[in-house]
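S.K.:
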Amino acid sequence: MSAMEDNAPVPALGSVQAQRFWIAGLCVAVLLAAIPWQMRWGIIPDTSWTITMCERLLAGARLYVDLFEVNPPFTPWMFMPAVALAHAVNLPPEVVMHAYAYAICLLGLGFAVFIARRAGLAENGALAPLLPLFLGLLVILPGSAFGEREHLGTALLLPLLVLMVWRATPAAGPAPGLLVAALAGLCASVMVLVKPYYAVVVLAPALYVAWRRRSIWSLFAIEYWVIGLVCVAYLVAVMRFYPQFLDVVYPILADTYMRLRVLPLLLEKYAPAYLVALGTLWLLRPGLPLSPLVTVFALASLAALVPFVYQAKGWAYHAFPTLSLMVTALVLRAMQADDSGRSPSGGAIPFRRKLLLVFALLANALPFMPSEKPGTNLVDAVRSHVEQPTVALVGSDIAAGHPLARMVGGRWISAYCSDWLGGIATYLSQREARNGNQAAAEHYRQVAGRYMETKLAELRTGKPSLIILQKQDPVWTSQLFARQDFVRFMADYHQIAEDDRVRILLRDGAGLSAGL
34 MSAMEDNAPV PALGSVQAQR FWIAGLCVAV LLAAIPWQMR WGIIPDTSWT
84 ITMCERLLAG ARLYVDLFEV NPPFTPWMFM PAVALAHAVN LPPEVVMHAY
134 AYAICLLGLG FAVFIARRAG LAENGALAPL LPLFLGLLVI LPGSAFGERE
184 HLGTALLLPL LVLMVWRATP AAGPAPGLLV AALAGLCASV MVLVKPYYAV
234 VVLAPALYVA WRRRSIWSLF AIEYWVIGLV CVAYLVAVMR FYPQFLDVVY
284 PILADTYMRL RVLPLLLEKY APAYLVALGT LWLLRPGLPL SPLVTVFALA
334 SLAALVPFVY QAKGWAYHAF PTLSLMVTAL VLRAMQADDS GRSPSGGAIP
384 FRRKLLLVFA LLANALPFMP SEKPGTNLVD AVRSHVEQPT VALVGSDIAA
434 GHPLARMVGG RWISAYCSDW LGGIATYLSQ REARNGNQAA AEHYRQVAGR
484 YMETKLAELR TGKPSLIILQ KQDPVWTSQL FARQDFVRFM ADYHQIAEDD
534 RVRILLRDGA GLSAGL
């Protein structure tokens with residue numbers, strides 16, 4: 034059913050077809066606009082490293098043996114189809130990866146629309162013209178989070194959220210079919226496989242559905258069984274095929290990476306915009322109870338705060354689920370039908386509240402605007418000195434080395450994406466020393482020292498043509514340059530380019546001029 038009154042005229046077939054034509058045309062326009070828009074960020078650091086990792090796995094490297102990856106194996110599994118396809122058709126993996134991300138966004142949104150139509154949601158008539166906007170929230174809003182695991186997982190979560198609305202507002206027609214529910218659960222399982230604590234994003238709206246239905250049995254619907262079974266199968270596969278992750282990698286992560294938290298950054302960078310969004314959700318349609326559609330998306334957003342705060346790293350892509358789902362809830366709230374079944378139009382929403390809505394949408398888009406893509410001048414300067422270099426990074430930030438290494442046509446020599454282990458261990462040792470915990474400080478000094486030995490051995494063996502030196506990493510780089518053996522090794526390199534983030538050092542005799 035639509036939100037139109039019972040006595041409203043039925044639109045002519047031609048007008049319905051015309052509306053569908055224009056909606057489809059606008060969706061195509063959004064996709065076409067997204068392509069140059071996303072080129073501002075290019076392939077973001079994490080995804081660029083994942084491409085490199087997948088290529089090395091395809092070449093025979095062993096995950097958690099030859100490559101030290103901080104994430105469980107679902108990360109390379111998730112992106113491997115795009116990388117393998119790129120190599121099969123001889124296209125740049127970056128191009129195929131972007132196409133892969135667009136395809137997943139279209140799949141998630143398209144399946145959600147299919148479920149909404151099957152459910153006969155009251156909002157369908159009002160929301161159909163907004164499909165280009167919802168597509169834009171998936172392919173234009175993400176910016177620096179585009180193609181990240183959280184971005185793609187959120188897109189695939191949409192069908193389940195709409196299915197939850199269907200179960201929370203059972204129509205006169207049949208209940209969701211077994212196949213539709215199972216497929217929605219399968220799509221949503223990606224979000225949990227990305228990081229297990231995203232299970233709360235499923236749990237919170239599921240509890241709301243149970244409350245609406247006044248039945249705990251709704252928590253045993255087929256879609257949740259599918260998610261659970263997929264996760265159990267995944268855990269068994271990790272234990273069977275990648276025991277190193279649980280036995281070796283995870284203890285190191287728990288001891289170092291997971292202890293680094295920057296809660297003040299979260300409050301400074303994200304809290305104001307999110308509070309504006311929450312206030313807008315409350316003030317936009319005062320006196321009108323939240324519909325199940327709005328409630329499900331708002332609860333999912335609030336639940337996504339839990340993993341965001343738990344991780345406490347402050348990276349924009351960690352914030353994408355909670356911010357994007359709240360922005361979606363705001364749009365749904367703006368179009369929510371009133372008690373008479375009418376969706377707002379004309380002056381139904383005061384102008385000042387419309388301005389507040391626009392302000393909230395823009396404020397929650399700002400965190401995704403900064404770009405870490407290396408500048409063209411830097412890339413061109415490197416390419417003018419060397420072709421297809423071997424590359425290493427001295428620095429703890431993954432963004433210092435990726436995607437720069439791939440943009441200059443380089444081959445990454447390290448088992449690590451960056452010196453994050455040495456950098457974090459050095460920072461923790463200094464922090465524990467300031468706190469008077471000398472035993473812990475000594476422990477982290479030993480962790481950093483062991484990593485330094487590994488780093489130096491890797492550099493001596495690989496003898497990279499290029500070394501990317503991160504400039505704004507004094508905690509880690511000062512420790513390395515305090516070692517005479519490292520200084521002696523670096524004496525064979527000279528600077529050829531730099532920007533405000535990195536210096537590029539070329540090994541003597543490795544440049545293009547050496548072959549002339």
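Mapping of the sequence shown onto our numbering: residues 34 to 549, in sequence order. Ideal Cβ positions, reconstructed from N, Cα and C, are used throughout, including at glycine. None of the values given here were measured: they were computed from a predicted structure.
Might you give, ordered along the chain, the residues of its own chain that have their beta carbon closer than 7 Å to the beta carbon of Pro78, omitting 5 neighbours on each side?
M.R.: Hits under 7 Å: Glu405, Ile431, Ala432, His435, Pro436.
S.K.: Can you confirm whether the region 495-513 touches the region 414-422 when touching is taken to mean that 3 or more C-beta pairs between the two stretches lie within less than 8 Å?
M.R.: Touching, yes.
S.K.: Please state whether DSSP places Leu405 in a helix, a strand or coil.
M.R.: Per the sequence presented here, residue 405 reads as Glu, with Leu not at that position. Coil, per DSSP.
S.K.: Take Ala214 and list the residues in its own chain whose beta-carbon comes closer than 6 Å to its own, dropping the five residues that flank it on each side.
M.R.: So the qualifying residues of the chain are Ile255, Glu256.
S.K.: Locate the beta strand (DSSP E) running through Val530, then write down its first and last residues.
M.R.: Strictly speaking, residue 530 in this sequence is Ala, with Val absent from that position. 526-531 is the extent of the beta strand (DSSP E) around Ala530.
S.K.: Does the pairing of the region 294-313 with the region 391-406 give three or more beta-carbon distances under 8 Å?
M.R.: Counting Cβ pairs under 8 Å, three or more are found: they touch.
S.K.: Enumerate, from N- to C-terminal direction, the unbroken alpha helix (DSSP H) stretches of 4 or more residues contained entirely within the region 119-162.
M.R.: As far as the region 119-162 is concerned, its whole alpha helix (DSSP H) runs of at least 4 residues are 126-152, 157-160.
S.K.: Below 9 Å between beta carbons: does that hold for Pro325 and Arg245?
M.R.: For Pro325 and Arg245, yes; Cβs fall inside 9 Å.
S.K.: Would you identify the three-state DSSP class for Ala36, choosing helix, strand or coil?
M.R.: In this prediction, Ala36 scores a pLDDT of 39, lower than 50, which makes its location untrustworthy; no coordinate-derived value is stated.
S.K.: Which of helix, strand or coil does DSSP assign to Ala425?
M.R.: Ala425 falls in the strand class under three-state DSSP.
S.K.: Who does Leu191 pair with in a DSSP beta bridge?
M.R.: According to DSSP, which records beta bridges pairwise, Leu191 is partnered with nothing at all.
S.K.: Does the beta-carbon of Val265 have 16 or more other beta-carbons within 10 angstroms, so that it is buried, or is it exposed?
M.R.: Flag for Val265 reads exposed.
S.K.: Of all the options Phe392, Thr459, Tyr230, Val412, which has the alpha carbon lying nearest to the alpha carbon of Leu513?
M.R.: Ranking the options by Cα distance to Leu513, first place goes to Thr459.
S.K.: Please find out if some non-hydrogen atom of the ligand SAH comes closer than 8 Å to the beta-carbon of Leu193.
M.R.: With respect to the ligand SAH, the structure offers nothing, as it holds no ligand at all.
S.K.: Pick from Ala155, Ala67, Ile148, His120: whose alpha carbon is nearest that of Asp371?
M.R.: Ranking the options by Cα distance to Asp371, first place goes to Ala155.
S.K.: Indicate the three-state DSSP secondary structure (helix, strand or coil) for Glu475 in the structure shown.
M.R.: If DSSP states are grouped into helix, strand and coil, Glu475 belongs with the helices.
S.K.: Please give me, in chain order, every unbroken run of the alpha helix (DSSP H) with length at least 4 that falls completely inside the region 442-470.
M.R.: Whole alpha helix (DSSP H) segments, 4+ residues: 453-467.
S.K.: Can you tell me whether DSSP reads Leu323 as helix, strand or coil?
M.R.: Reduced to three states, the DSSP call for Leu323 is coil.
S.K.: From the DSSP output, in three-state form, read off Ile77 for me.
M.R.: In this structure, Ile77 counts as coil in the three-state DSSP scheme.
S.K.: To test your reading of the DSSP string, which unbroken alpha helix (DSSP H) runs of 4 or more residues are found completely within the region 336-393?
M.R.: Listed in chain order, the complete alpha helix (DSSP H) runs (minimum 4 residues) inside the region 336-393 are 349-367.
S.K.: Could you tell me how far apart the beta carbons of His527 and Leu545 are, in whole angstroms, since I believe they sit closer than 8 Å?
M.R.: No, His527 and Leu545 are not in contact; Cβ-Cβ is about 14 Å, not under 8 Å.
S.K.: Can you name the start and end residues of the beta strand (DSSP E) that Val295 belongs to?
M.R.: It is not in any beta strand (DSSP E) - Val295 carries neither H nor E in the DSSP assignment.
S.K.: What's the call for Ile148, buried or exposed, on a 16-neighbour Cβ count within 10 Å?
M.R.: That one is buried.
S.K.: Whose CA, out of Leu252, Tyr97, Arg534, Ala287, lies closest to the CA of Phe274?
M.R.: Per the Cα distances, Tyr97.
S.K.: Can you look up Ala41 in the DSSP assignment and give me helix, strand or coil?
M.R.: Bear in mind that a pLDDT of 44 at Ala41, under 50, signals an unreliable position, so the number given afterwards is only what the model happens to contain. Three-state result, Ala41: coil.
S.K.: On a Cα-Cα basis, can you pick out the residue from Ala208, Val535, Ala425 that is closest to Gly442?
M.R.: Per the Cα distances, Ala425.
S.K.: Near Ala205, what residues of its chain come up, given a Cβ to Cβ distance below 6 Å and the 5 sequence neighbours on each side ignored?
M.R.: Reliability of the predicted coordinates at Ala205 is poor, the pLDDT of 46 falling under 50, and no value is obtained from them.
S.K.: Do Ala333 and Ala201 have their C-beta atoms within less than 9 Å of each other?
M.R.: In this structure, Ala201 does not lie closer than 9 Å to Ala333 by Cβ.
S.K.: Can you give me the start and stop residues for the alpha helix (DSSP H) that Ile285 sits inside?
M.R.: 283-288 is the span of the alpha helix (DSSP H), which, as asked, contains Ile285.
S.K.: Just curious, the beta strand (DSSP E) that Ile537 is in, first and last residue?
M.R.: Unbroken beta strand (DSSP E) run through Ile537: 535-540.
S.K.: Excluding the 5 residues preceding and the 5 following Ala438 in the sequence, name in chain order all residues of the same chain whose CB lies nearer than 6 Å to its CB.
M.R.: Val424, Trp445.
S.K.: Could you tell me the alpha carbon to alpha carbon distance between Arg247 and Pro209, rounded to whole angstroms?
M.R.: Going from the Cα of Arg247 to the Cα of Pro209 covers about 18 Å.
S.K.: Tell me the rounded alpha-carbon separation between Asp533 and Leu454.
M.R.: Distance between the alpha carbons of Asp533 and Leu454: 23 Å.
S.K.: Residues in the same chain with beta-carbon distance under 7 Å from Gly169, minus the five sequence neighbours each way, listed in chain order, please.
M.R.: Cβ neighbours of Gly169 beyond the five flanking positions: Val63.
S.K.: Let's see if you can read the secondary structure: which residues bound the alpha helix (DSSP H) around Leu15?
M.R.: Examination of residue 15 is not possible in this model, given that the chain is present from 34 through 549 alone.
S.K.: Do Tyr135 and Ala67 have their CB atoms nearer than 9 Å?
M.R.: Contact: yes.
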